[in-house]
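Protein chains: 2
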Amino acid sequence: MRNLLLAAVATLLLCSCSAAQREATSCGYNACPKPVPGRYNVHLVPHTHDDVGWLRTVDQYYYYEVQFIIDTVIEELLDNPERKFTYVEMAYFFRWWREQSADKQAKVKQLVKNGQLQFALGGWCMDDEATTHYVDIIDQHTQGLRFLNDTFGDCGRPRVAWQVDPFGHSKEHTAMLAQMGFDGLYYGRIDYQDQALRRKTRRMEMVWQASQDIGSPRADLFSGKLYDGYCQPGGFGFEYGDEPVQDDPQLYDYNVEQKVKQFVDMVNSRRQVYSSDHLMLTMGCDFQYQNARKNFKIYDKLIKAVNARTAAHNITVYYSTPSCYTKSVHDQNLMWTVKSDDFFPYAHQAHAFWTGYFTSRAALKRYVRTASNQFQAIKQTSCLAGLQRAGPQLEAKLDLLRQAMGVVQHHDGVSGTEKQVVAYDYALRVSTGINQAYSLLQSAWANLTGDSAAYSGMSSCSLANISYCPFTDSNNNFYLHFYNPVSHPVWHLARIPVKGRYYVVSNQQGQAVTSQTIPVNNGTLRVPERAGAKSSYELVFNVSTIPAMGFVVYRVAAAAPGSPGVSTFTPIQSVFMDSKPADGELDWRDGGSESLNERESLDYRPVFAPLKRDDVIEFSQLKEAKKSNPIGDSKMSYMAYYYGYPGNNSAPEFTASGAYLFRPTKQTPERFSLEEIASVTGPVVNETHVVWSNWTYQVLRKFANNGDSLQYSENELTVGPIPYDANTGREVIVRYNTQLNSSATFYTDANGRQVLRRVRDYRPTWPLQQTENVSGNYYPINSQIFLNQSDGSSFMVLTDRSEGGGSINDGQIEIMLHRITVRDDALGVGEALQEKGSDGRGLVVKVTHWLAADQSLPSSSRRRRELANRRYREPLIGYLTAEPKVKSWSGLRRPLPENVQVVTLDDWRGPNTKLLRLEHLYQIGEHPALSQPVTVALGQLFATFNILSATELTLAANQNLNSAQRLQWRTPAGGGTTVGDAAREAEERLQLEQDITVTLRPMQIRTFVVQVQYL
Amino acid sequence: MRNLLLAAVATLLLCSCSAAQREATSCGYNACPKPVPGRYNVHLVPHTHDDVGWLRTVDQYYYYEVQFIIDTVIEELLDNPERKFTYVEMAYFFRWWREQSADKQAKVKQLVKNGQLQFALGGWCMDDEATTHYVDIIDQHTQGLRFLNDTFGDCGRPRVAWQVDPFGHSKEHTAMLAQMGFDGLYYGRIDYQDQALRRKTRRMEMVWQASQDIGSPRADLFSGKLYDGYCQPGGFGFEYGDEPVQDDPQLYDYNVEQKVKQFVDMVNSRRQVYSSDHLMLTMGCDFQYQNARKNFKIYDKLIKAVNARTAAHNITVYYSTPSCYTKSVHDQNLMWTVKSDDFFPYAHQAHAFWTGYFTSRAALKRYVRTASNQFQAIKQTSCLAGLQRAGPQLEAKLDLLRQAMGVVQHHDGVSGTEKQVVAYDYALRVSTGINQAYSLLQSAWANLTGDSAAYSGMSSCSLANISYCPFTDSNNNFYLHFYNPVSHPVWHLARIPVKGRYYVVSNQQGQAVTSQTIPVNNGTLRVPERAGAKSSYELVFNVSTIPAMGFVVYRVAAAAPGSPGVSTFTPIQSVFMDSKPADGELDWRDGGSESLNERESLDYRPVFAPLKRDDVIEFSQLKEAKKSNPIGDSKMSYMAYYYGYPGNNSAPEFTASGAYLFRPTKQTPERFSLEEIASVTGPVVNETHVVWSNWTYQVLRKFANNGDSLQYSENELTVGPIPYDANTGREVIVRYNTQLNSSATFYTDANGRQVLRRVRDYRPTWPLQQTENVSGNYYPINSQIFLNQSDGSSFMVLTDRSEGGGSINDGQIEIMLHRITVRDDALGVGEALQEKGSDGRGLVVKVTHWLAADQSLPSSSRRRRELANRRYREPLIGYLTAEPKVKSWSGLRRPLPENVQVVTLDDWRGPNTKLLRLEHLYQIGEHPALSQPVTVALGQLFATFNILSATELTLAANQNLNSAQRLQWRTPAGGGTTVGDAAREAEERLQLEQDITVTLRPMQIRTFVVQVQYL
């Protein structure tokens, strides 16, 4: 019975298309041109790369340019069945498709079926790899591939991934692409030194072993570097004016022989760096094929002319696609070298490191991160509440946000490398999407609790981060609904903008909890402005704990001073200082007697208490010490900034800092003269406020022990408006100095998951000639960066968004927070990066870092993995006026094992089918227990429904995993299925089918479509 | 019997297309959208303007750009039957058509049949109006319209003419368009002052009464000035980036209301200057619609949006064409103002007179003129010889030349406003065409004389103008075959490059004729170089006379000095001069005692004899006289030059001289210091050589009386290489000073036919505010310029090519000869005009002017008309080694009346059908006898065939004149058919049908297709 059901589901879940479409066998690799043996086979690959926003917004690009690309390409494909085209970005294809007549749609389906129109990647966009979060990466591919599957069935499935424009390639991103079922991956940009060596050694194509946790071949991906980018070879850009083939002997300038020679010479030059009998020529570029006829008409002639002279040059050329090229290369069964590091950072020439965008538009990066969490939480909650049972119209309220999140992952989106006006558009899209999606959240909670009354007027207070919350401003007595998207219970330190000093905060049992109010400003502190800040105070308290994938409700009521349980008002008190240190250094010492868990023996101790006179003296001593030892800033954190180089980009040495590139004028940052230090002391939190300047402001927070085993400190850094003038831009950093002996080594995550070891001035696969001591050592930090010492001691920083940084000096972590450049870096965006807020003034960015230190690897790994999970999946807070009936609830009948997290719970083609993803949070070797495989029974896992059956899909949910097949590639280690895998996989299939139980191994994300029955 | 035959012919001659095509009634005006009464009707007219060479060569434009225009437009028309398109230049459409499949051709025919694809003008190109010769104008329209007729039948016939880009409009050109059957004419450029007044008074559209000789309505043409050029209104250039209509409410930036407002505002602003209920919006521009989808897709949306809101703005808009617009305007039956002058010179703003191109590329202009004559002569001769009876392959040898001549008439062709590389291309095309066509001439003469032997090795010595003729260099004894294309016998002064000093020249009767040899250089004369000159001498003699449309053969044989009849060797002898005059003036006096016919009483007397010492003294006296009277240069001719203004075009006052514009830095020309004067005295010609500088050289020639009643003198002016540097360009003129009291008035021809009265600093239709005293008084001179005095005295200059000039001072004629500019004039060509020869050095131009003076109007008119006819139709000379059997022959059984000339005799669809045009050479009132109507019987006119029947066609031979109907327009004078015309026309029809006899009235050109029978 269950097996029958499963079979039906397996058919259902992937395709709503017609039987004819599913049965098509002429598409995919079957539609590929047959290689000509004995010839050098040139695959002429017509394609376009359509940025999903950059110089124009996505919609502007669509109606100014892309609609005509797809319009005219389709006409040209219909004109000649030999022609092929590859399209990539579903954000555009989706827009185009819905405008077409049924007749046109039928024609296009036929083109897909016969393999003329193929898709590569098929994501909603071609996403950035440095600044994107893994959940968003999975989502945007799932969304694009689902559209293709719904529209074209399996014929529409892209066989290869196509990351031809992103500027740096991530190991985790690649591991995920492998697990999505792609057979190949192509990119257009790698470091110029790396490329020179790879060309010389014919290692432009390789097998990327992208996860040692997942292992080979599951996480392996055949990866190819395009010759010199993804645009057509020079001289073959016919759409924009390169000399056409003129084959009419009745006209002057007949040039067929000359064009053939030009082509053959170009091919022969390129074939020197590749090893197979095939060459891929990517014919197209950004937004090309708006006039597809030009290209195709001339390509037809070129192909005809070259092939007519094959005997002379032994080259054959035909229309092809990236997937057909991949298949042809594969079928030669060559041996490939392997790669297991990544492609960061990317430099296209000396001094030109694309590491600025790791931080560019820091506010947008944060907004995308919070939106991602809210999006996941809303999907979860909607499923738990079974909203779709009332019809698809509710589910449709997620469409705008789903599309906006897909769009903003673009490599000129969250990367921060778009024009200012486009950045506004991205934010507007996300904001509009969230506003619409929030109504779902409200419905879900009302539904789950049977309490519409309480949730009907729910506010979300989305500007609480700038201390602006009209709701609390106008309510003295209210309820806070804390929803926790983590699959385990979490401790939460709440910080709520309020208008008064005295409140009683009560937990779900009605018990008053300790709370503290802190002024937003003491009136004299010269801090960066907080645009729109209305609330005078912030109310701080612990919420301990919020149930796994569930909520608690707390009550806040204004009270008279001295009332029982009332909050402690803790003013900001200026710290006495004998003399202000000239170069503004702040000691990271513990000013009090309080001892700290697990960190005692480390020399890292944040300043928790007001500085004493002695402390101030110590500043001076340190200042002296620094004179003799320039990098001897131990025990200190400070903010500082680089002047971005205002070059004219006329030569590598004149490279300017810009939206893409980070290039400091000097290799040592500029230091501030400290302006003021103040402190807050209270029962929930002690804070040290440091005013570095009137546009840089730091608050160090130490929280009272709240029972959470994963304690951390918080460093809130506010930057902006950054002053600048015609030649002076500033790129602001924070430095954390420790006495760890880090031996030039540090660790950063990839997209929030795998951690990569980084070594200063070193690349694993080629002898680096370093040209930028700072920028050339910057890496993307998506969620975490840390230092280890050989004795197991470590210091970690968990970020609230993607940022760039590294360890420029041993024992030190440096993170860039915010940046303004006064030049464009001549890479296309055409604007200096000078963000403005809606008020026209320079943008203020507030970053929070969670800081923690540990003495042992298991302890630090656990703290790092779990805090990173919490940082991303922070609670959603509903502000209510009416008292909810239900004060506490969990969507899980029991929390998941500590090393497992629900990544996705989403509706999937009907109310009783869900898409479910679970992940293992650890890498191999991080923790003796938590790095082990873990088994979860799905059947009775969720509180509101039972899972009746589950079918495993590839990561982007467009193939049944059992039937998905990938091309296998020979590597020196043997390649092919790892020994034991087959047996293990069979066992796991059985486990899933019979018991609806899944085992997760380190770093695994498993994707299921599940049939559910609501309780 | 004859009538039956005629009817059959009438059907045959116009259409080789299918019956279905001829029967189509949905095309033409029937295919036009119906005007919406009560609304303001906006005709949205998609069109493209494709220069037949300019920045690229015609073929480059075709394969880089135009092929895609027609390709994509056709697709878009097929996509939506509402859409319409207007195409103009047949040079391109012809190239495209022959590349299409039968299937595509059938589709296009259907588009023409249903009126979606219409043609305007339909010439081989959109020809220039200032520098083109009437024969070439007729030919290029005939050729284009014939292609349309052959391909599409009457549905392909353009209803309106379309001169939207030429820079100045000619009265004669317009009169010819009227006689070609067009119903309307549109242009894009008129003087800015003229336009301002016309806009203000709503006289942008008018009836142009283009010939007072032909009369109304035959030569009337409804003419409209487009609002501000032919490109789409600003903001509506969708193909190249203007904001599209975004009508998808699911995307951001929905802008339908805004785009409708933009459109309505634009329309309402334009309608202010027109008087009907219709407005034509020309949507398109140079080489637009390469991506037709962009435009059409967005126009569809715009039209839909505007019409959906008609009630709000009372505007209705639909796809239309220039012809449909014309018909709609016509049908309102409004009263129109009339115009009877022309639109020269054109200035688009103050100081920016487009009068430079009247002279630009003077060598190309001359080459085109000679090629035109040769082309006509070869066609004539082929017909006379009946070459086509041997099959069409011989006739096809004219194709290259026919196409080349069609191409070069383009308004950036013979106008001289193309890039240098394109100018080379035009010349190459003409040269290739002539080379191929010359083989026909050879065959024809061999055929006509039955003497293949004599003509098989015929040379043409085409570089005789630079004294280079390998034939005469290697033959001491040869025959010269002089072919005269004029319809009357002509006197000819032969000048043959030879290597020796002594020859005997014998006429067709074997009688020695007087001859003279003159050295090319005396070895010391500092004259402009003659690139490639090989011959040392020139042999000069009279050929008197050559039969009408026939030839004579002369013999030249080297002989010993002193032999009977041997040539007189006349060295070039330097003239003694006491002192070289500083400002280089040359006296126009008669140095001898010889009296001159008809010119005695005039103060104009060329220098015919060597200057005597007294003469030289007179130079000094004149120099003194000039001091007190700056324009008192009477009795003088001199060469001089202007410095072209090297402006940056940033404002009207900084207008630069360039290929289009002539703008002198000063209003008085720079004078030379005379270098040397020399003379030649001989029995055939006396010459005065004046070396003005080492790059300006003048030879004044007076010929001995040879019996010709139409004597003239010749002024040969050699200019170049013109020296220039970064800021100094020179524009070289010749001035002729007379003592005629010309009262600011002078006369120039239009395209070699009608003569227009010009008055300095005056325009007939608006109060001129003159901004350029010289350039603003320049007019095109196609063949003649003259001064009259009230007593009937006159002085005329007949040019050998189109040149610019005028009468800047009373009694004076100024003609620009050659020019180099050091700036581009920012009108698109993007190059300064700096012509180079194939050797890379600055071009040398040799111009000859024929000069004559008369005392009475009839005498001067006859001299002027007939010499102009001879100048254009100069003899073609064949160089033969073998003695031809036939020494003299005429293609006419009797010469035509003195005022009638055969314009065209060409094969026309088969060997026994010819196209025949006859013209009346005079205007009304020029001569008491010769300005009268004249009757010619055609039947037994030609020597080799009889004409069996004749059918009269419109001027461009694409309609039977009897059935051709034109729209009639109301004018204050009444309009409609001139009283008496109907009766006269009926009589003439009868005359033609019954007697094959035609009557020609002043300035008439009548076009016939005739059936012939070879004798």
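If you're matching them up, the sequences are chains A and B in order.
Going by UniProt numbering, the residue at position 839 of the first sequence is 839; the numbering climbs one at a time, nothing skipped.
Going by UniProt numbering, the residue at position 791 of the second sequence is 791; the numbering climbs one at a time, nothing skipped.
For glycine and all other residues, C-beta sits at the position ideal for the given N, C-alpha and C.
- The alpha-carbon separation between A:V543 and A:F703 amounts to approximately 13 Å.
- It is roughly 22 Å from the alpha-carbon of B:L384 to the alpha-carbon of B:A956.
- Between B:K259 and B:E243, the CB-CB gap stays under 9 Å.
- In the three-state DSSP reduction, A:H330 falls in the helix class (H, G or I).
- For A:H920, the enclosing beta strand (DSSP E) has its first and last residue at 913–920.
- Secondary structure at A:V112: helix, using DSSP grouped into helix, strand and coil.
- A:H927 places its beta carbon less than 9 Å from that of A:L857.
- For the pair A:I69 and A:F287, the CB atoms are nearer than the 9 Å cut-off.
- Across the set B:Y92, B:H313, B:G720, B:V58, the C-alpha of B:Y92 shows the shortest separation from the C-alpha of B:L148.
- L251, Y252, D253: these are the residues of the region 249–268 of chain A whose beta carbon lies less than 7 Å from some beta carbon of chain B, given in chain order.
- In this structure, A:L226 places its C-beta atom within 9 Å of the C-beta atom of A:T282.
- Sequence-distant partners of A:R495 (beyond 5 residues in either direction) whose C-beta falls short of 6 Å from its own C-beta, in its chain, are E538, V540.
- Around the beta carbon of B:M206, 16 or more other beta carbons lie within 10 angstroms, which makes this residue buried.
- Among the CB atoms of chain B, none fall inside 9 Å of the CB of A:P392.
- Within the same chain, and ignoring the five residues on either side of A:T881 in sequence, the residues whose Cβ sits closer than 7 Å to its Cβ are G457, N475, F478.
- Using a C-beta cut-off of 8 Å, the region 326–339 of chain A makes no contact with the region 385–396 of chain A, since fewer than three inter-stretch Cβ pairs fall below that distance.
- With fewer than 16 other Cβ atoms inside 10 Å of its own Cβ, A:G562 counts as exposed.
- Closer than 9 Å to the CB of B:L401 there is not a single CB belonging to chain A.
- Contacts with chain A at 9 Å (Cβ-Cβ) do not include B:R83.
- At least one CB of chain A lies nearer than 9 Å to the CB of B:E75.
- A Cβ of chain A is located within less than 9 Å of the beta carbon of B:G241.
- For B:T131, same chain residues with a beta-carbon under 8 Å away, outside a window of 5 residues either side, are Y357, F358, K365, V414, S415, G416, P780, N782, S802 in chain order.
- Taking a cut-off of 8 Å for Cβ pairs, the region 25–37 of chain A and the region 215–231 of chain B do not touch, as fewer than three such pairs fall below it.
- What B:D71 touches in chain A, judged by beta-carbon distance under 8 Å, is R293, K297, going in chain order.
- Taking 8 Å as the upper bound for CB-CB distance, A:S320 and A:V88 are not in contact here, some 16 Å apart.
- Taken in chain order, the whole alpha helix (DSSP H) runs of length 4 or more contained in the region 145–200 of chain B are 171–179, 192–200.
- Those residues of the region 90–110 of chain B placed with their C-beta closer than 8 Å to a C-beta in chain A are R95, R98, E99, ordered along the chain.
- The beta carbons of B:Q784 and B:A868 sit about 5 Å from each other, so the pair counts as a contact at 8 Å.
- Excluding its 5 nearest sequence neighbours in each direction, B:A464 has C-beta neighbours in its own chain below 6 Å: P497, listed in chain order.
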